[in-house]
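Please read the structure below before turning to the comments.
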Amino acid sequence: MSFEEAAKYIANATGLALTQEQQLQLYAHFKQATEGNCTRPKPAFYLYADRLKWTAWSQLQGCSQQEAQQHYIQLVSQLAPGWRSSISEEGQGRQAQDTGLFMSDEEYETYKQDKKQQQMQQVQAGTLSGVLSRLQDDRVGSEDVGDKVFEWCRAGQLDQLKQHVLTLEQARLTDDAVRPCSLIP
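See below:
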C-alpha cells in the first residue's frame, strides 16, 4: 500500500483513539514525507500546540522523504492494523490544527464550533488558558503583539490580555457577519 493511501485512511478515520505522542509522530512523518526538512521558524512560547508539532517535525531533520513515507505507513499499520482492508474512496476529512487529529469535515466543523465556544467561556471567565488559546487561534504572531502578550503575562495583567482577546473576537464576529460563511476558512 502507498503512502497516499495510508494518509487518506488517517484523514478519514473516525473513532481511532490516538495519544498525543502518536498524533505528533503521524504529523511529523507526514510533514517530512510531503515537505522534507522543517524550515519554519520555531513558534512562540504561547503557541503550545504549534511548538509541539514543530519539535516533532524538526526531530526528523535529515530523514529522507522516502524514509518518512515508509515510517508513516509503518506507524499507521501499528496504530490501525486493519487499515489496508478498510480504505474508502469517499471524503477527504480535515486535520484540527491544534491537536493534529484527523476527522471528517462534519466532525471538524462541530469540533471547531465547540472549541470556539469553550474558549470564549474561558476568556469571559478570565482564565489565562482561555486568553492564550484565543490568541493562539488568532495567530497573533507579530513581534509587537507577541512582546505585549509576554509582558502582560509576566506582569500578571490578565485584564489586558482578556481585553485584547475580546477585541479580537469582536472584530472577527463583525467580519464574519459581513462575509458569507462558506468563505470563512
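In this text, residue positions in the sequence shown follow the numbering used here: the first is 3, and each later residue adds one. All residues carry an ideal CB built from backbone N, CA and C; glycine is no exception.
For this session: Please state whether DSSP places Lys117 in a helix, a strand or coil.
Result: One-based indexing of the sequence shown puts residue 117 at position 115. Reduced to three states, the DSSP call for Lys117 is helix.
For this session: Can you give me the Cβ contacts of Ala30 inside the same chain, cut-off strictly under 6 Å, excluding the 5 residues immediately before and after it?
Result: Here residue 30 refers to the residue found at position 28 of the sequence shown. The residues are Ala58, Trp59, Leu62.
Problem set entry | Nonlocal neighbours in the same chain, by C-beta distance under 6 Å from Lys33, ignoring five residues either side | For the purposes of this step, residue 33 is taken as the residue at position 31 of the sequence shown. Taken in chain order, the residues that qualify are Trp59.
For this session: Tell me whether the beta-carbon of Ala19 lies closer than 9 Å to the beta-carbon of Tyr74.
Result: Here residue 19 corresponds to residue number 17 of the sequence shown, with the count starting at 1. Here residue 74 corresponds to residue number 72 of the sequence shown, with the count starting at 1. Against a cut-off of 9 Å, the Cβ pair of Tyr74 and Ala19 comes out as no contact.
Problem set entry | Local Cβ density within 10 Å of Ala8, reported as buried at 16 or more and exposed below that | Counting from one through the sequence shown, the residue named residue 8 turns up at place 6. Buried: at least 16 other Cβ atoms inside 10 Å.
For this session: Check Tyr74 in the structure and name its three-state DSSP category.
Result: The sequence position of residue 74 within the sequence shown is 72, counting from 1. DSSP places Tyr74 in helix when its eight states are reduced to three.
Exercise. In three-state DSSP terms, what is Cys155?
Worked result: Taking the sequence shown and counting its residues from 1, the one referred to as residue 155 is at position 153. Here Cys155 sits in helix by DSSP.
Exercise. At what residues does the alpha helix (DSSP H) containing Asn14 begin and finish?
Worked result: Start at 1 with the first residue of the sequence shown, and residue 14 comes out as number 12. 5-14 is the span of the alpha helix (DSSP H), which, as asked, contains Asn14.
Exercise. In or out: Ala15 buried (at least 16 other Cβ within 10 Å) or exposed?
Worked result: Here residue 15 is taken as the residue at index 13 of the sequence shown, counted from 1. The residue is buried, with at least 16 neighbouring Cβ atoms inside 10 Å.
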